[in-house]
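All remarks here apply to the structure that follows.
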Amino acid sequence: MNEEFDVTKLSAEYGEEGKRLSKRMEEINPISLKELLRDVRAMGNLKVYACTGAVKLMELEESVVRSRVDDILGLTTLLEIADGAETQLFV
Numbered sequence: 001m002n003e004e005f006d007v008t009k010l011s012a013e014y015g016e017e018g019k020r021l022s023k024r025m026e027e028i029n030p031i032s033l034k035e036l037l038r039d040v041r042a043m044g045n046l047k048v049y050a051c052t053g054a055v056k057l058m059e060l061e062e063s064v065v066r067s068r069v070d071d072i073l074g075l076t077t078l079l080e081i082a083d084g085a086e087t088q089l090f091v
């Protein structure tokens, strides 16, 4: 489990493609997920949600994720919320 919440290592379920993608993410991502969430929240009136499936797939500790986002929601709920949003950012 990734206690730091900066995810660059994908679950073993992704196999070789996951290893390649993880390496590429490390090479091109100059900002950590922790920094991104901090900066986005500082922008004003917005909510940050995590997808239940993504949290499980990436083997993240739910309590750590919950401490960094407003809520952890299923994909259907996320899409319903996003449908009415003026601006959306998917990470």
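Every letter in the sequence shown is one number past the one before it in the working numbering, and letter 53, counting from 1, is 53.
For each residue, glycine too, the CB sits at the ideal point set by N, CA and C.
Roughly how many angstroms lie between the CA atoms of residue i and residue j, to the nearest whole one?
i, j, result
"I72", "A12", "23 angstroms"
"M25", "G18", "10 angstroms"
"S22", "E59", "14 angstroms"
"D39", "E16", "32 angstroms"
"G74", "E80", "10 angstroms"
"V55", "M43", "24 angstroms"
"E61", "D70", "15 angstroms"
One question on the structure: do residue i and residue j come within less than 8 angstroms of each other, judged by their Cβ atoms?
i, j, result
"L33", "C51", "no"
"E37", "R68", "Contrary to the premise, residue 37 reads as Leu rather than Glu in this sequence. Their beta carbons are under 8 angstroms apart, which means L37 touches R68 by this criterion."
Can you tell me whether DSSP reads residue i as helix, strand or coil?
i, result
"D70", "coil"
"N2", "Per-residue confidence for N2 stands at a pLDDT of 40, beneath the threshold of 50, marking its modelled position as unreliable; the derived number appears in the next sentence. N2 falls in the coil class under three-state DSSP."
Using CA coordinates, which residue listed in the options is at the minimum distance from residue i?
i, options, result
"A82", "L36, V55, M43, V48", "V48"
"E86", "L46, L57, G53", "L46"
"G53", "E27, Q88, T76", "T76"
"L10", "R41, E27, L57, G84", "L57"
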